[in-house]
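Residue 1 is where the sequence shown starts when you use the UniProt record's numbering, and the numbers rise one by one after that.
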Amino acid sequence: MNTQSYMTSYEILVYTGDKRGAGTDSNVSITLFSKNGKQTGKIPLKNSNNKDPFERKQVDKFCVKGDYIGELTKLHIEHDNSGRSSGWFLDKIVVTDIFDPKTQYVATCNQWLAKDEGDRKISRDLTLHKQQTTTQKSNYYKVTVYTGNKSGAGTNSDVSLTLYGNLGEAGPMKLANQEDNFEPGKKDEFTIECQNVGELNQIFIAHNNKGLSAAWFLDSIVIEDLYAMHTYQFPCHRWLAKNEDDGKIARFLVPQSSTTETPQIRKHNQYKVTVFTGNKSGAGTDADVFITLFGNQGQTGQIKLDNEKDNFETGQKDEFIVECPAVGEINKILIEHNNKGLSSGWFLDRILIEDTQGHRTYEFPCNRWLAKDEDDKQIARYLVPRPKVKNNQYKVTVFTGNKSGAGTDADVFITLFGNQGQTGQIKLDNEKDNFETGQKDEFIVECPAVGEINKILIEHNNKGLSS
Numbered sequence: 001m002n003t004q005s006y007m008t009s010y011e012i013l014v015y016t017g018d019k020r021g022a023g024t025d026s027n028v029s030i031t032l033f034s035k036n037g038k039q040t041g042k043i044p045l046k047n048s049n050n051k052d053p054f055e056r057k058q059v060d061k062f063c064v065k066g067d068y069i070g071e072l073t074k075l076h077i078e079h080d081n082s083g084r085s086s087g088w089f090l091d092k093i094v095v096t097d098i099f100d101p102k103t104q105y106v107a108t109c110n111q112w113l114a115k116d117e118g119d120r121k122i123s124r125d126l127t128l129h130k131q132q133t134t135t136q137k138s139n140y141y142k143v144t145v146y147t148g149n150k151s152g153a154g155t156n157s158d159v160s161l162t163l164y165g166n167l168g169e170a171g172p173m174k175l176a177n178q179e180d181n182f183e184p185g186k187k188d189e190f191t192i193e194c195q196n197v198g199e200l201n202q203i204f205i206a207h208n209n210k211g212l213s214a215a216w217f218l219d220s221i222v223i224e225d226l227y228a229m230h231t232y233q234f235p236c237h238r239w240l241a242k243n244e245d246d247g248k249i250a251r252f253l254v255p256q257s258s259t260t261e262t263p264q265i266r267k268h269n270q271y272k273v274t275v276f277t278g279n280k281s282g283a284g285t286d287a288d289v290f291i292t293l294f295g296n297q298g299q300t301g302q303i304k305l306d307n308e309k310d311n312f313e314t315g316q317k318d319e320f321i322v323e324c325p326a327v328g329e330i331n332k333i334l335i336e337h338n339n340k341g342l343s344s345g346w347f348l349d350r351i352l353i354e355d356t357q358g359h360r361t362y363e364f365p366c367n368r369w370l371a372k373d374e375d376d377k378q379i380a381r382y383l384v385p386r387p388k389v390k391n392n393q394y395k396v397t398v399f400t401g402n403k404s405g406a407g408t409d410a411d412v413f414i415t416l417f418g419n420q421g422q423t424g425q426i427k428l429d430n431e432k433d434n435f436e437t438g439q440k441d442e443f444i445v446e447c448p449a450v451g452e453i454n455k456i457l458i459e460h461n462n463k464g465l466s467s
C-alpha cells in the first residue's frame, strides 16, 4: 500500500449553458491536476443533487472522493457521447476540496462538447483559477440514536450533540423531532443542518439531567454525512446517568473503524492535561486550543481544551480533565489552535498529561511559538514526551487518627512531589478494609522516581457512607 496517498472529497459544481440543446444524456467524467504534477484518476460524475443531471441552464452538485493532490491548476472534462442527446454545452465548473472549504477553483468553458457542434471535441482541458471565499459552507447530517433495551434505559431529559471534525466543530445542537424520543429499545432519527465539520473524528453527547426519568442508557449513534455521502458509527453501550456507571451524563464518542471486520470498543479513560503558557510578552492566546493524543493502542480525536475559565494567559498554568478513548502508552501529541481572537499567537512552554488510570505522567516540552507571525509561522505542533523516568517503589504507611468517626470509606489518593518531578494521582488500595479509626495501613506503590520528596498531596473522593 502506498502510505503517501491520501484521500479527500471534492465538491464539484457543473454549470450547463443556456443554449438550445445544451443538456446531455452522456456519462460525464472529470480528472483534476495539481501544480506539483499530480493528478486524480478519472472520476465519474454520478449521483447529482438533481434527478436528471446536465440539463439546460442547470447547476449539478457532486461530492466525490479522490486522491488529495494539493493545489489544483487544471481539469480534464469529457463525456462518452452516449444517449439520445449527447451534445453538451458546458458553461463552467467550480471545484472545492472540502478539507479547504474557503478555496474554490473555477474553470470557464463556454463551449460545446459535441460531435456535431463547434470543433467537434467531446473532451476539454480547462485551467482552474483559485479564488478565496469567506462563505461558511453548511451541511446536513442524518443522526440516528439507538437507546438501549435495559430497564429504565429511556430518558425524559433534553439531549444535545456536538460534532467535531478536521474542519472544526458544530454544536451543541438539541436533538428533538416533536416525537417521544429516547424510549427503551427505540431508534430515533434527526436531520440537522449546521456548518460542515469535514471528516468526523469524535462527537460529544450529553443530556441536562432534567425530567422524572433522567438516566439514559445509550447503545449507539449512527451519523450519515449527507454532503460527503459517508456514514459513521459511534458505539457507546453505557449509561449517561448520575446514579449509574461512573455518574457521567455526557460522553465523548469516537467512530468505529470501517476497516476492521470485528472492531473492539476501546475503553474510556480520563486524562488530566496541564498546560503551561510561557512568560514572554504576548505569550497568551485568545484562540481555541485543541489536543490530540497518540498512543500504542490508537489515538483520540481532536479535543478542545476548555474549562470555562480565562485560559492560556501569559505565565499561567491551566488544568483540564478530558474523557476520551484510552490510547495506551502515549508516544506523541498534536497541540494546535484555530488562530481566532484578537491575540491568537501563543508561546507554549510545556504540557503535562497524567493518565489517571495508568498512574503515569508524561511531560511534553515545547518552548516555542504557535503563531502565524512568530518563529516558523506554525499554529500546530507535534510534541513527544521526555524519556520515561525509571520507576521506584515507595512504602506508604498511613496512620488514621483515634477520634470518633475518624475512619473513611472513601477512595484515598496520594501524589508525590520531589526535586526530580512528580507522580500522578495514586490510589491507596491493598484490598483490605483500610483507613479505620486508630488503624495503620501500609501500601507498596510503584511509580516514577521523583528524587528527594518535598511534599505530598493526600485526598479522597468523598464517596461512601462515612466519607
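Cβ coordinates follow ideal geometry from the N, Cα and C atoms, glycine included.
Host beta strand (DSSP E) of residue i (start-end)
i	result
Pro365	360–370
Lys19	That residue, Lys19, is in no beta strand (DSSP E); it is neither H nor E in DSSP.
Asn331	330–337
Gly171	168–174
Val94	88–97
Lys165	For the record, residue 165 in the displayed sequence is Gly; it is not Lys. Per DSSP, Gly165 belongs to the beta strand (DSSP E) from 159–165.
Pro53	No beta strand (DSSP E) contains Pro53, which DSSP labels as neither H nor E.
Gly418	412–418
Phe252	250–253
Leu457	453–460
Nearest-angstrom Cα separation, counted from residue j out to residue i
i	j	result
Ala406	Val145	48 Å
Phe443	Gly154	43 Å
Tyr232	Leu428	41 Å
Asn311	Phe413	27 Å
Thr259	Gly418	Here the model assigns Thr259 a pLDDT of 37, short of 50, so the residue's position is not dependable and the matter cannot be decided.
Tyr140	Glu431	52 Å
Lys61	Asn339	31 Å
Gly211	Asn156	5 Å
His460	Thr274	21 Å
Tyr271	Glu354	6 Å
Glu183	Asp306	32 Å
Asp13	Gly282	The amino acid occupying residue 13 in the given sequence is Leu; Asp does not appear at that position. About 44 Å.
Val327	Thr400	37 Å
Asn243	Thr408	21 Å
Thr292	Val197	16 Å
Val384	Arg368	14 Å
Val222	Gly345	37 Å
Ala380	Leu72	24 Å
Asn392	Phe204	38 Å
His36	Gly70	This sequence places Asn at residue 36; His is not what is there. Going from the Cα of Asn36 to the Cα of Gly70 covers about 8 Å.
Glu374	Val289	17 Å
Gln297	Glu363	19 Å
Arg124	Phe33	13 Å
Asn434	Thr415	18 Å
Asn149	Arg20	60 Å
Tyr15	Gly23	10 Å
Asp97	Val64	10 Å
Gln439	Gly464	18 Å
Ala228	Leu200	11 Å
Ala449	Ile456	14 Å
Ile30	Lys142	29 Å
Val28	Trp216	49 Å
Pro263	Ser220	No answer about Pro263 holds up, because its pLDDT of 36 lies below 50 and its placement is not dependable.
Residue from the options whose Cα sits closest to the Cα of residue i
i	options	result
His76	Ala214, Lys102, Gly41	Gly41
Gln202	Asn177, Asn208, Glu323	Glu323
His129	Asn156, Val95, Ser151	Val95
Asn269	Ile453, Asn279, Gly295	Gly295
Phe234	Pro255, Asn331, Glu189	Pro255
Cys447	Leu175, Glu308, Trp88, Arg360	Arg360
Gln316	Asp219, Thr277, Thr73, Ala176	Thr277
Leu334	Gly341, Pro365, Lys35	Pro365
Ser9	Phe89, His230, Arg251, Gly298	His230
Ser160	Ala214, Leu175, Ala371	Leu175
Thr285	Gly118, Asp246, Lys372	Lys372
Trp112	Ala410, Asp97, Thr127, Asp91	Asp91
Asp25	Gly87, Gln195, Tyr164, Gln58	Gly87
Leu352	Pro44, Gln422, Glu189	Gln422
Lys121	Thr314, Phe89, Arg238, Gly247	Phe89
Per DSSP, the bridge partner or partners of residue i
i	result
Ser34	Leu72
Ser29	Pro44, Glu78
Arg350	Phe276, Pro365
Cys63	Glu11
Tyr324	The question names Tyr, but residue 324 in the sequence shown is Cys. Paired residue(s): Asn269.
Gln104	Gln131
Asp441	Val398
Phe217	Trp239
Residue i: CB within 7 Å of a non-hydrogen atom of the ligand GTP
i	result
Gly41	This structure does not include the ligand GTP; it has no bound ligands of any sort.
Practice task
Assess, as a yes-or-no matter, whether the stretch 292–304 is touched by the stretch 160–179 under the definition of 3 or more beta carbon pairs within less than 8 Å.
Solution key: yes
Exercise for the section: Would you check if there are 3 or more beta carbon pairs closer than 8 Å linking the stretch 102–112 to the stretch 43–63? Expected result: no
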